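In the UniProt record's numbering, the protein residues as written are 1 to 323.
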């Protein structure tokens, strides 16, 4: 008995007519080989709970292709990649980026168009590589990509990139990809202007942080306490952060008091650049590099002189605020 006959026998004529006009014109979308599965169908006890999940994960080994294994190994072992960018690449590889097209494909709905060019599908492959803006950016980026020569799937594309770009080249590629993604999201959800120059500037900042992480030779991270005039509390950070800090609204000075008693001063520029980037981040770079040269692991970095004055006058013990 066909589906239509079942519908006619069970539902009113008007309801069946609505279903025919709204559902049947759209062909069913095929799920990919890496689609979601219902875990409770894999449990033989008839129920699924946390204990069953642990047992299932312990008994099921990874079933990865050669290409997937190569790409994952590069993502998790490549030195210089920032942790947030590693996670971003892992999400990209597993089709887990928050895109409307990805959600629609999982729900078997019609995939919406790209929110930037309004032409192609709103999927990761198009958004990051085949969108006209993305193609323009990759043409002039370093390393440069000719996207029309690349495979039409994320796994195949990343596999080719991992084979042809190794070491610092792959790090630069990943930083470019992350900067492109962040600029795209800022343009869509915050109305920020989208330009290849802004993406390049963000990628250059990430490249600077990657070089800093790669050059680390001390046995543990450099830990600092960061104090801003508009904050009541002192915030901790280490050299592994990706530079996501807000900029000061005006020029001034930044100071670093190291655990060996040495005080260094850095000048901050005036005006706003990118949100989370700019002269204050450069001052942090200088502070971390100075700490590496001095062989110290701890310090205080702050852009107001109130706490500095307390330390210099002996009213605040330096050891009490160091990590």
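Glycine included, every Cβ here is placed at the ideal spot set by N, Cα and C.
These numbers come from a predicted model, not from an experiment.
Determine the burial state of residue i: buried for a count of at least 16 other Cβ atoms within 10 Å of its Cβ, exposed for fewer.
i, result
"residue 184", "buried"
"residue 202", "buried"
"residue 139", "exposed"
"residue 11", "exposed"
"residue 229", "Low per-residue confidence applies at residue 229: pLDDT is 40, beneath 50, and the placement is therefore not dependable, though the value from the model is reported in the following sentence. Residue 229 comes out exposed."
"residue 134", "buried"
"residue 87", "exposed"
"residue 73", "exposed"
"residue 64", "exposed"
"residue 107", "exposed"
"residue 207", "buried"
"residue 205", "buried"
"residue 13", "exposed"
"residue 105", "buried"
"residue 76", "exposed"
My assumption, with CB atoms under 8 Å, is that residue i sits in contact with residue j. Please give the rounded CB distance.
i, j, result
"residue 93", "residue 154", "6 Å"
"residue 169", "residue 143", "5 Å"
"residue 120", "residue 131", "6 Å"
"residue 209", "residue 82", "6 Å"
Could you give the residue range of the alpha helix (DSSP H) that holds residue i?
i, result
"residue 117", "Here residue 117 belongs to no alpha helix (DSSP H), and DSSP marks it neither H nor E."
"residue 103", "100 to 106"
"residue 133", "132 to 140"
"residue 74", "66 to 77"
"residue 86", "83 to 93"
"residue 156", "154 to 164"
"residue 187", "168 to 190"
Taking the alpha carbon of residue i as the reference point, which residue from the options has its own alpha carbon closest?
i, options, result
"residue 115", "188, 195, 207", "188"
"residue 173", "141, 195, 192, 191", "141"
"residue 98", "113, 180, 123, 75", "123"
"residue 129", "176, 96, 105", "176"
"residue 126", "109, 147, 110", "147"
"residue 78", "112, 136, 91, 171", "171"
"residue 197", "109, 179, 211", "179"
"residue 71", "117, 163, 111", "163"
"residue 158", "89, 9, 84, 101", "89"
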